[in-house]
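Residue numbers (our numbering), protein chains in the order written: chain A, 591 to 900; chain B, 945 to 1323.
Next comes the structure, spelled out in structure tokens:
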């Protein structure tokens, strides 16, 4: 932060993040995205609570995979007993949906973790060491960009040995070495041009110290942007893997969509809209929430884009 | 200039070699099970199959072998004994045709709407389009396809009946040389239209600029009529699964191109030349279309081209949903049977399409923008 007059109409701290925090709070995209994500997080954790309280008198009916309500015909729309209705097999959609969010969140977390770590290491190191190492890393990243991680995810999930967390790690690895590394490298290169890097070098800073204390803090926001954008792809792909039924479990949101579509054709019972919507909108909205946070953060981290609007 | 192109192509070959290597090892290490186990039952038979296919050698040797074939333009043989390149080329036209048409339409729509939205100060317009494009961007493809087929089929059959065509089942579109002719013709018509449009804009012929793309399409229809394949072509073009796949890829790619174009225009709007344009009292429209848009288009196109492999993946997923016999049919069958060479071949071909498009983009950019050319030659 350069020196600024104190009477800007808002308080600011000397240490850099106040301005960023203020802009994050003003960004509608970020707020909406975080709100949506929070809603899904609550839904994920609500399943055992519901099972213990509201559904406790008839636990067998509301059990996610094997439940069945013999009292009504299926599929049914929303009712007092079943807030989101039942799917063609007679299972409670709310129960299935909240339960099915678990692997989805696992994939999101794993993808973000591995893509972030791998992208950060690959990008900053190649910007810092430059030269031949940088050339090699750039070509590797170029090659990884051309290999879409969704296809790799599809291939790997066929094995049936990898759970959602491992698949997320794999997706993140491919995403981190490709798009994330390229974005991080270009940002880190522009940081490397700054005088404070030379200053840190001239007082004898070791490469590791300079990277962790001077380069990484400036690059982190950009890592967040690109990694969250990667999570979107991972979630949609995972939904598709569940939809195809090649995931090792059978209770994901994609399975919900599959059941809604398939048994409609088998039973001739009409479209199970409630089950279909819960599954499909669940995947789409959750992915959209990550995308919204990502694109909102992009505007925040790049003030040029939003500053002078005339 | 020639040196720049040569350098670019040489480096692309390095990237390509890396791409093939990564694809080879990734697929070989990740694949579900040994192909031989699925074919032969007894241990002896399995061993013999493995030997015959060369699977008993160390992976590195297999890789060297694969690379040796690849250098000579050969994607190897599938485990069933077919040439992978032929298998892929058989299914590629359907996918590429749908992708090219869908991608171009989505780009045109996205560029137009993104420009309008970024320029307009109406909050409601901006909010609705961003919500819509974010939702489309994150849409779950099977759901999108379901909605399209559920609500679009009857309407599509109605359209077919206008041309005197009957209802057809959701069968895969038939292949044949005609399909390739149609695809190439349509893409050529679109690209011709776009080139004509940019020429007309530069020479200030607004009416021609507006009519350019329709004119290109009419030229395409006229050539079909002249060739006398009109009825058959319309039948192919209005094939339900093909139409639905095109609409779905348009919707998905539209979200991205609209968001990118809007961001591009928004960031260019703060440049000084915009003030200059306004200060000399140019009409708003002229500042937007003649000064800002050309600067915003290049980054938008390059972002789109970078995401071509991802969009292609989206299309493969959609194809699987619609039972189209494009790349998806080959890909998912190969995964099912553990036919490694086919999967590697498809990954390489998808990457190759992206790579070629990027080289073309780089060269075009270097022609337009001398700064890139000089930097590229100096490096």
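Cβ coordinates follow ideal geometry from the N, Cα and C atoms, glycine included.
Roughly how far, in whole angstroms, is the beta-carbon of residue i from the beta-carbon of residue j, given that I think they are within contact range, below 8 Å?
{"i": "residue 1287 of chain B", "j": "residue 1297 of chain B", "result": "Contact doesn't hold; Cβ gap of about 16 Å is too wide."}
{"i": "residue 1055 of chain B", "j": "residue 1244 of chain B", "result": "7 Å"}
{"i": "residue 717 of chain A", "j": "residue 775 of chain A", "result": "5 Å"}
{"i": "residue 1303 of chain B", "j": "residue 956 of chain B", "result": "5 Å"}
{"i": "residue 958 of chain B", "j": "residue 729 of chain A", "result": "6 Å"}
{"i": "residue 1109 of chain B", "j": "residue 1182 of chain B", "result": "7 Å"}
{"i": "residue 626 of chain A", "j": "residue 834 of chain A", "result": "The Cβ separation is near 26 Å, so there is no contact."}
{"i": "residue 754 of chain A", "j": "residue 697 of chain A", "result": "5 Å"}
{"i": "residue 963 of chain B", "j": "residue 736 of chain A", "result": "5 Å"}
{"i": "residue 1043 of chain B", "j": "residue 1193 of chain B", "result": "6 Å"}
{"i": "residue 1086 of chain B", "j": "residue 856 of chain A", "result": "With 8 Å as the limit, residue 1086 of chain B and residue 856 of chain A do not qualify as a contact, their Cβ atoms being about 17 Å apart."}
Could you tell me whether the Cβ atoms of residue i and residue j are closer together than 8 Å?
{"i": "residue 821 of chain A", "j": "residue 701 of chain A", "result": "yes"}
{"i": "residue 1197 of chain B", "j": "residue 1050 of chain B", "result": "yes"}
{"i": "residue 864 of chain A", "j": "residue 665 of chain A", "result": "yes"}
{"i": "residue 1229 of chain B", "j": "residue 1059 of chain B", "result": "no"}
{"i": "residue 881 of chain A", "j": "residue 1082 of chain B", "result": "yes"}
{"i": "residue 538 of chain A", "j": "residue 1250 of chain B", "result": "Residue 538 of chain A lies beyond the range of chain A shown here (591 to 900); nothing can be said about it."}
{"i": "residue 884 of chain A", "j": "residue 824 of chain A", "result": "no"}
{"i": "residue 843 of chain A", "j": "residue 860 of chain A", "result": "no"}
{"i": "residue 873 of chain A", "j": "residue 1276 of chain B", "result": "no"}
{"i": "residue 1135 of chain B", "j": "residue 1180 of chain B", "result": "no"}
{"i": "residue 1299 of chain B", "j": "residue 1080 of chain B", "result": "no"}
{"i": "residue 767 of chain A", "j": "residue 743 of chain A", "result": "no"}
{"i": "residue 647 of chain A", "j": "residue 849 of chain A", "result": "no"}
{"i": "residue 809 of chain A", "j": "residue 771 of chain A", "result": "no"}
{"i": "residue 926 of chain B", "j": "residue 1064 of chain B", "result": "Examination of residue 926 of chain B is not possible in this model, given that chain B is present from 945 through 1323 alone."}
{"i": "residue 1133 of chain B", "j": "residue 1164 of chain B", "result": "yes"}
{"i": "residue 1093 of chain B", "j": "residue 1270 of chain B", "result": "no"}
{"i": "residue 614 of chain A", "j": "residue 817 of chain A", "result": "no"}
{"i": "residue 681 of chain A", "j": "residue 657 of chain A", "result": "yes"}
{"i": "residue 638 of chain A", "j": "residue 686 of chain A", "result": "no"}
{"i": "residue 1156 of chain B", "j": "residue 1141 of chain B", "result": "yes"}
{"i": "residue 974 of chain B", "j": "residue 746 of chain A", "result": "yes"}
{"i": "residue 623 of chain A", "j": "residue 699 of chain A", "result": "no"}
{"i": "residue 1010 of chain B", "j": "residue 1025 of chain B", "result": "no"}
{"i": "residue 1273 of chain B", "j": "residue 979 of chain B", "result": "no"}
{"i": "residue 800 of chain A", "j": "residue 790 of chain A", "result": "yes"}
{"i": "residue 806 of chain A", "j": "residue 688 of chain A", "result": "no"}
Run through chain A and tell me which residues come within less than 8 Å of residue i, C-beta to C-beta.
{"i": "residue 1299 of chain B", "result": "736"}
{"i": "residue 1217 of chain B", "result": "Chain A residues near residue 1217 of chain B: none, gap ~13 Å exceeds 8 Å."}
{"i": "residue 1253 of chain B", "result": "735, 736, 737 and 738"}
Name the DSSP bridge partner or partners of residue i?
{"i": "residue 676 of chain A", "result": "A:666 and A:682"}
{"i": "residue 1021 of chain B", "result": "B:1027"}
Using a cut-off of 7 Å between C-beta atoms, extract the partners of residue i located in chain B.
{"i": "residue 870 of chain A", "result": "1084 and 1087"}
{"i": "residue 873 of chain A", "result": "1084"}
{"i": "residue 625 of chain A", "result": "Ordered by position in chain B, no residue passes the 7 Å Cβ test against residue 625 of chain A, which lies about 14 Å from the chain."}
{"i": "residue 851 of chain A", "result": "1090"}
Chain B partners of residue i, CB-CB under 8 Å?
{"i": "residue 882 of chain A", "result": "1078"}
{"i": "residue 698 of chain A", "result": "The contacting residues do not exist; residue 698 of chain A stays about 13 Å from chain B at best."}
Check the Cβ of residue i against every Cβ in chain A and list those closer than 7 Å, keeping chain order.
{"i": "residue 1257 of chain B", "result": "738, 740 and 741"}
{"i": "residue 1291 of chain B", "result": "737 and 741"}
{"i": "residue 1295 of chain B", "result": "736 and 737"}
{"i": "residue 1073 of chain B", "result": "Within 7 Å Cβ-Cβ: nothing; residue 1073 of chain B doesn't reach chain A, min ~13 Å."}
In chain B, what lies closer than 9 Å to residue i by C-beta?
{"i": "residue 847 of chain A", "result": "1084, 1086, 1087 and 1090"}
{"i": "residue 877 of chain A", "result": "1081, 1082, 1083 and 1084"}
What residues from chain A crowd round residue i, counting only those whose CB sits closer than 9 Å?
{"i": "residue 975 of chain B", "result": "745, 746, 748 and 749"}
{"i": "residue 1023 of chain B", "result": "The premise fails here: residue 1023 of chain B is roughly 16 Å from chain A at the closest Cβ pair, so nothing lies under 9 Å."}
Taking 7 Å as the line, does the beta carbon of residue i fall inside it for any heavy atom of the ligand ADP?
{"i": "residue 1097 of chain B", "result": "Annotation note on the ligand ADP: not contained in the displayed structure, which lists no ligands."}
Just by C-beta distance, which residues in the segment 1052-1065 of chain B are closer than 7 Å to chain A? none
So if I threshold CB-CB distances at 9 Å, which residues from the segment 984-1018 of chain B count as touching chain A? none
Against chain B: residues of the segment 714-733 of chain A by CB proximity under 8 Å: 729, 730, 732 and 733
Please identify, using Cβ separations under 7 Å, the residues of the segment 951-973 of chain B that lie next to chain A, in order along the chain. 958, 959, 962, 963, 966, 967, 970 and 971
Closer than 8 Å, Cβ to Cβ, to anything on chain B: give me those residues from the segment 737-757 of chain A, in chain order. 737, 738, 740, 741, 742, 744, 745, 746, 748, 749 and 750
By the 7 Å beta-carbon criterion, what residues does the segment 1261-1286 of chain B contribute toward chain E? Of the protein chains in this structure, namely A and B, none is chain E.
Output, in sequence order along the chain, the residues in the segment 823-842 of chain A whose CB is closer than 9 Å to any CB in chain B. 823, 825, 826, 827, 829, 830, 833, 834 and 836
If the cut-off is 9 Å on Cβ atoms, which residues from the segment 1092-1111 of chain B count as contacting chain A, listed in chain order? 1094
Residues from the segment 1232-1254 of chain B in contact with chain A, defined by Cβ distance under 8 Å: 1250, 1253 and 1254
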